[in-house]
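Here's the structure we're looking at; comments come further down.
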Amino acid sequence: MSITYLDAIREAQAHALRDDPRVFIYGQDVAAFGGAFKATKNLAVEFPGRVIDAPISEDAIIGMAVGAAIEGLRPIIEMQFADFSTVGFNQIVNQAATLFWRTNVPCPITVRLPFGGTSGGGPFHSQSIEAIYAHYPGLVVLTPATVEDAYSMLIEAVAIDDPVIFCEHKFLYRHLKAEKLPSEALPIGKARIAREGRDLTIVAYSAMVHDALEAATELATEGWQVEVVDLRSIKPLDTDTIIASVARTGRLLCVGEAFPWGGVTAEVIARVSSEGFGLLDVPPQRLNAKDTPIPYHPNLWLAHRPTPQTVAAAARNLLRQ
Amino acid sequence: MSQTVLESGDTADTVVSSGKYLTAYRYMLRARLLDDKFAALYRAGKIHGGVFLGRGQEALSVAIGLALKKTDVFAPLIRDAAGRLAFGETVADAARTYLGSSLGPMRGRDGNVHRGRPRDGLLPMISHLGAMISVVNGILFARRLKGISGTVGAVALGEGATSTGAFHEALNQAAVEKLPLVLVVANNQFAYSTPNDRQFACADLADKAAGYGVESHSVDGTDLTACLQTLEAAVARARAGHGPQLVVAQLLRLCGHGEHDDAGYITPQLKNSALGRDCLKLAEDFLVGKKWADTAQLAVWRSETIREIDDAVAPVQREPAPDPFTEEWQALSTKHLNEIRPDDFEI
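Protein chains in written order, with numbering that gives the first Met the number 0: chain A, 0 to 320; chain B, 0 to 346.
Printed below as a string of structure tokens:
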């Protein structure tokens, strides 16, 4: 049996629906159609009345979820593409994210954002916008990189009493496979050492973990032992695990698929620089997508984002210093 | 689509009992005098941030609060002191929020009109207009999923909010789900300073209802009897399963957008028009005309209410302010997921 990242997300939702009568799913095309990516396939049949199609109204979809959460339910929202969540941005950052702090009433909503680049997606179906949500207080932002994490972190996300932005990578949907679903997992908020090494730390999250691992394999043939840290959760950010890794390696490269200005990679570098400056043997570096909208054509798209080759090149620059 | 129009002079006064009218009037009076109190505290420098009054909108607002049951849901806007009081909000909650008391429902974390108790069905507005409609939809939707029937949700808006995307998305959503939602639009002629001819181009905002497939009601917002009748009818239609109801009231805001605004953009002609009549004064004239009260009684009620408000607000002024050193600076309810950064330890 082989389970994809996408299967894991479907199974996690089925688990949540089965386990907790307060859970329901609301989003565009999620019911009979089973979702644009089929992440909710057959769930409407399995759980009648609890998987509900929404009009194309991202603002009202999130607002509806907040109201249902106030009423004690635990909605899972599927944004068809992360890019479209900007239409619901106001409700996420001003309504959902402020509710508990203002009123002491928790807001347990999970917003699933199919995000990240796939070839041919173009400017409006490829974005990685996790950092703008992480910027706001009151949100948990998750970026699972493995089939196991997609499953266990989504189940945990639904159980959390706070709004969770669950960033699931579209490229990983069918690309990643595992033998079985996990029975135990690291808790949310803990990063994972995806590969051990002593010469350089590469911090990555979501699909970039796999590009980093590929780069590490290539660099191993050149004699370098590269450690790869999979953040898993970007908010909260597991600074301790990152700094412990840098203490072992003395070198840091942080890789993200998102746009370069600010963001997760900048935050990681800022934290290591301010809290672990003395651990660094060379200045830390970051690698991101280019500062343009995401291009459509594969030639441009592959040059726009980090790849195993550019990650390896950036790593070599650090290792040779 | 059905459309009801009630205006001053209709036979409505035969329907609204003296008891109900008097109850509504007393809430209107309390709201007006509470607003006056906050305006005075603002001028005395006792209130941080803005003060937003409902002067001229009390008849419409109180009608919303009185048409709802305590188990219903109400998302008031900035000019709904009367509706809040009628729905059950205490003067203390209002005063504690304006004065930033740590004992209030918002504990100094949010202020002025941004107050409520979500679990009691009174939602604290965010500042983004139209954003509360879909939240009320969500509560109504959740109750349906839970098998609870008979709940109505009311949302108060100004005409400016009808221009937002959130309004469109949420009203359409409520219509699709046929939710028992009552949207009450106080067309007070100005969104801050922007007049209606720069806000919308339809002849009547109530016409928008047809486009969403929902029922509409138009009412003279200066006429308490008409407001009570219209809101009662709209809430009853929603409760009976006829889907969302759009109520549009015509009136004039008899103050600035906030107390910082002298409203110099409102012309004397408009102030002296029928729209500019003061609903509280009209209600008092009506009470006297009906012999349900005389001017001496009105004066007694007014002085009693002023004393009652002073008695409720004075102790709040002595309550503890929030303390930044004991404040839990945590935005998540899940304690261990809040990040504690080195900066947090600095004093």
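Built from N, CA and C at the ideal position, the CB exists for glycine as well.
The Cβ neighbour count for phenylalanine 51 of chain B, taken over all protein chains shown within 10 Å, is at least 16; the residue is labelled buried. At a cut-off of 8 Å between C-beta atoms, arginine 101 of chain A counts as an interface residue with respect to chain B. For tyrosine 135 of chain A, the three-state secondary structure derived from DSSP is coil. Pairing lysine 189 of chain A with aspartate 237 of chain A gives a Cβ-Cβ distance under 8 Å. The DSSP assignment places 130-144 as complete runs of the alpha helix (DSSP H) inside the region 94-154 of chain B, in order along the chain (cut-off: 4 residues).
The alpha-carbon of glutamate 327 of chain B is positioned some 27 Å away from that of arginine 231 of chain A. For the options A:Arg73, A:Leu171, A:Asp210, the alpha carbon positioned closest to that of leucine 144 of chain B is the one of A:Arg73. Check the Cα spacing between arginine 236 of chain B and each of B:Pro323, B:Ala66, B:Leu297, B:Gln198: the tightest is with B:Ala66. DSSP places proline 113 of chain A within a strand segment (E or B) once states are collapsed to three. With fewer than 16 other beta carbons inside 10 angstroms of its own, leucine 299 of chain A counts as exposed. Within the DSSP bridge table, the entry for glutamate 158 of chain B names no partner. Cβ proximity to chain A below 9 Å picks out Val72 from the region 71-91 of chain B.
Taking C-beta atoms as the reference points, asparagine 136 of chain B and glycine 157 of chain B fail to come closer than 8 Å. Between the region 44-63 of chain B and the region 226-233 of chain B there are three or more inter-stretch CB-CB distances shorter than 8 Å, so the stretches are counted as touching. In this structure, alanine 130 of chain A keeps its C-beta atom at 8 Å or more from the C-beta atom of alanine 269 of chain A. Counting along the chain, leucine 223 of chain B sits inside no beta strand (DSSP E); it lies in the alpha helix (DSSP H) bounded by residues 223-238. For glycine 87 of chain B, the three-state secondary structure derived from DSSP is coil.
Taking a C-beta distance under 8 Å as the contact criterion, alanine 214 of chain A and proline 307 of chain A qualify as a contact pair.
Between leucine 144 of chain B and chain A, the shortest Cβ-Cβ separation is below 8 Å.
Around the beta carbon of threonine 333 of chain B, 16 or more other beta carbons lie within 10 angstroms, which makes this residue buried. Taking all protein chains in view, the Cβ of valine 181 of chain B is crowded by 16 or more other Cβ atoms within 10 Å, so the residue is classified as buried. Within the region 117-137 of chain B, those residues whose Cβ lies closer than 9 Å to any Cβ of chain A are, in chain order, Pro117, Arg118, Leu122, Pro123, Ile125, Ser126, His127, Gly129, Ala130, Met131, Ile132, Ser133, Val134, Val135, Asn136, Gly137. DSSP links alanine 38 of chain B through a beta bridge to no other residue. A Cβ-Cβ contact shorter than 8 Å links valine 110 of chain A with phenylalanine 165 of chain A. In the assembly as shown, histidine 259 of chain B is an exposed residue. Its beta-carbon has fewer than 16 other beta-carbons within 10 Å. For the options B:Gly257, B:His47, B:Pro314, B:Asp71, the alpha carbon positioned closest to that of threonine 150 of chain B is the one of B:Asp71.
For leucine 32 of chain B, the closest C-alpha among the options B:Arg340, B:Lys68, B:Arg301 is that of B:Arg301. Residue pairing for proline 74 of chain A: DSSP places it in a beta bridge opposite A:Phe23. Not a single CB atom of chain A sits nearer than 8 Å to the CB of histidine 259 of chain B. Residues of the region 44-56 of chain A with a C-beta atom less than 8 Å from some C-beta of chain B are Gly48, Arg49, Ala53, Pro54, Ser56, listed in chain order. Pairing phenylalanine 189 of chain B with proline 75 of chain B, the inter-Cα distance amounts to about 18 Å. Considering only beta carbons, the part of the region 147-171 of chain B lying closer than 7 Å to chain A consists of Gly164, Ala165, Glu168, Ala169, Asn171, in chain order. Distance from the Cα of alanine 7 of chain A is smallest, within the candidate group A:Ala246, A:Asp239, A:Val208, A:Leu180, for A:Leu180. As far as DSSP is concerned, proline 307 of chain A takes part in no beta bridge.
Listed in chain order, the alpha helix (DSSP H) runs fully inside the region 74-108 of chain A are 96-102, counting runs of at least 4 residues.
Under the DSSP definition of a beta bridge, asparagine 186 of chain B partners with B:Gln249.
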